[in-house]
Amino acid sequence: MTSAQTDARELLRGLTGGSAAGEWSAPGRVNLIGEHTDYNDGFVLPFAIDHRTHVALGIRGDAVIRVASTFAADAVEVRVADLPTLFPSKGRVPEWAAYPLGVAWALAATPGASIAELSGVDIAIASDVPIGAGLSSSAAIESATATALNDVWQLGLDRVALARIGRTAENEAVGAPTGIMDQMASMLGRQDAAIFLDCRSLDASVIELGFDAAGLEVLVIDTKVAHSHATGGYRERRASCELGAQIMGVPALRDLTVDDLPRAAELMDDVTFRRVRHVVTENQRVLDTVRTLRTDGAGAIGELLLASHASMRDDFEISVPELDTAVEAAMSAGAVGARMTGGGFGGAAIALVARERIDTTKDAVAAAFAASGFTAPTMFTVTPSEGARREA
Ligand code: ADP
Ligand code: MG
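Structure below.
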């Protein structure tokens, strides 16, 4: 049993004095490639990781929902009857609690749910997904809570529906305008595989990664530079993408290909054009990565990862010096490929590295950070893992 699972169980015991009616968990994710393509109706290729958020849930005799987390000082309580009007509203619950309560709120609004019949619950949460590192602790907490409540409230929603619930919670209860990739990866993840997701149709297919067979590992380099999706840069990038699509007369940037770029360059200002060019070329890189994985294997995707990073650094302008340093140092230590991952403005980079070179790569990155006077990064390898599940 993992320690986060034990922690959730003990947190619940401290809260209620009793044991859990059930335990659930959901993973964080790493996006292999396809950044800022999700809200442009495009393609992404994330995989669920072996870091999970655990929920231990107790059934209550009254119609109250209480959420607690090892991450937060105090438990938060709301009445089931108050769920329908709980969101959107600023500040009625602490921000962290808007994630699990936002999920409860969104689930309570589904056609199969009747407020009068939803049982009160105590939800205790513990996680070993690093928070705010770009590994989507947010999707992990949403997916774990959604999976737990879907079961105990007997709502019968499928995994894709639960992913949508998580996004609704994040967009409307938390107020972070993120796409659906993270929740889909956390809900649908498989061992040794990535999820190739069409963010328009939500068609998802499982793509074997074969990292193990190729002798490769994914090293996560958490720069510790704090990022926040709820603020400035992310909204601005989304607005630029919407403007670009509007200028080109298409519903979303997904509807453009690299052949449309010369015309885009003529029609829009330089900044908007470069935002558009990132999204259009990134969509193509996701398709190329899927094809390359199938034909030549994981050892052959390095160039695509690097091109993705360059596009985010130069065209989308969401990298920071720490992320660039991580990528450059990993590459000079012999990584197959590397790129920043997640929404940007901080967070983590990933490097695809031969197993026997993991230690030298870590050393090289640590040395490069020290030489630049950056805070030492946290580094660890991640394994493509299973999505949300009931544990017990
Ligand atoms: P990321 O998803 O990259 O980790 P986000 O800013 O999207 O970063 O989400 C992090 C936020 O999600 C935290 O600040 C907190 O509000 C909430 N959160 C994530 N995990 C937990 C947890 N285990 N307990 C309480 N809140 C959590
Ligand atoms: Mg997040």
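Residue numbers (the UniProt record's numbering): 1 to 392.
For each residue, glycine too, the CB sits at the ideal point set by N, CA and C.
With contacts defined by Cβ atoms closer than 8 Å, Thr-383 and Ile-49 form a contacting pair.
Collapsing the DSSP output to three states places Glu-208 in a strand.
With fewer than 16 other CB atoms across the displayed protein chains lying within 10 angstroms of its CB, Thr-375 is exposed.
Taken from the Cβ of Ile-358, every heavy atom of the ligand ADP lies 7 Å or farther away. Residue side-chain check: Leu-135 places its Cβ nearer than 7 Å to a non-hydrogen atom of the ligand ADP. At least one heavy atom of the ligand ADP falls within 7 Å of the beta-carbon of Thr-53. Not a single heavy atom of the ligand MG lies less than 7 Å from the C-beta of Ser-385. Note that the region 69-89 touches the region 97-109; at least 3 beta-carbon pairs, one per stretch, sit closer than 8 Å. With contacts defined by Cβ atoms closer than 8 Å, Ala-348 and Ala-133 form a contacting pair.
Look at Tyr-99: its beta carbon is less than 7 Å from one of the heavy atoms in the ligand ADP.
For Glu-95, the enclosing alpha helix (DSSP H) covers residues 95-108.
Straight-line measurement puts the Cα of Phe-196 at about 10 Å from the Cα of Asn-31. For Leu-293, the enclosing alpha helix (DSSP H) stretches over residues 270-295. In the three-state reduction of the DSSP assignment, His-309 falls in the helix class, which pools H, G and I. Residues Thr-292 of the same chain have their beta carbon placed closer than 6 Å to that of Ala-300, with the five preceding and five following residues left out of the count. Val-220 sits in a strand when the DSSP states are folded into three classes. The Cβ neighbour count for Ser-319, taken over all protein chains shown within 10 Å, is at least 16; the residue is labelled buried. The region 230-260 contains, as complete alpha helix (DSSP H) runs of 4+ residues, the segments 232-248 (chain order).
Three or more Cβ pairs closer than 8 Å define a contact, and the region 112-119 meets that threshold against the region 53-65. By the Cβ criterion, the region 6-17 is not in contact with the region 148-168, since fewer than three pairs of Cβ atoms, one from each stretch, lie closer than 8 Å. In this structure Val-225 is in contact with Gly-346, their Cβ atoms being roughly 3 Å apart against a cut-off of 8 Å. Under the DSSP assignment, Arg-66 falls in the beta strand (DSSP E) whose first and last residues are 64-69.
In this structure, Ile-165 sits near Ala-146, with a CB-CB distance shorter than 8 Å.
Taking the Cβ of Glu-322 as the reference point, every heavy atom of the ligand ADP lies at 7 Å or farther away. Cβ contact annotation for Gln-284 (same chain, cutoff 7 Å, sequence separation greater than five): Val-258, in chain order.
In the DSSP secondary-structure assignment, Val-30 is bridged to Phe-47. Residue Ala-144 holds the alpha-carbon nearest to the alpha-carbon of Leu-57 among Arg-29, Ala-144, Asn-40 and Leu-45.
Scanning the region 177-202 for uninterrupted alpha helix (DSSP H) segments of 4 residues or longer gives 181-188, listed from N- to C-terminal end. At a cut-off of 7 Å, the beta-carbon of Ala-326 does not count as near the ligand MG: no heavy atom of the ligand is closer than that.
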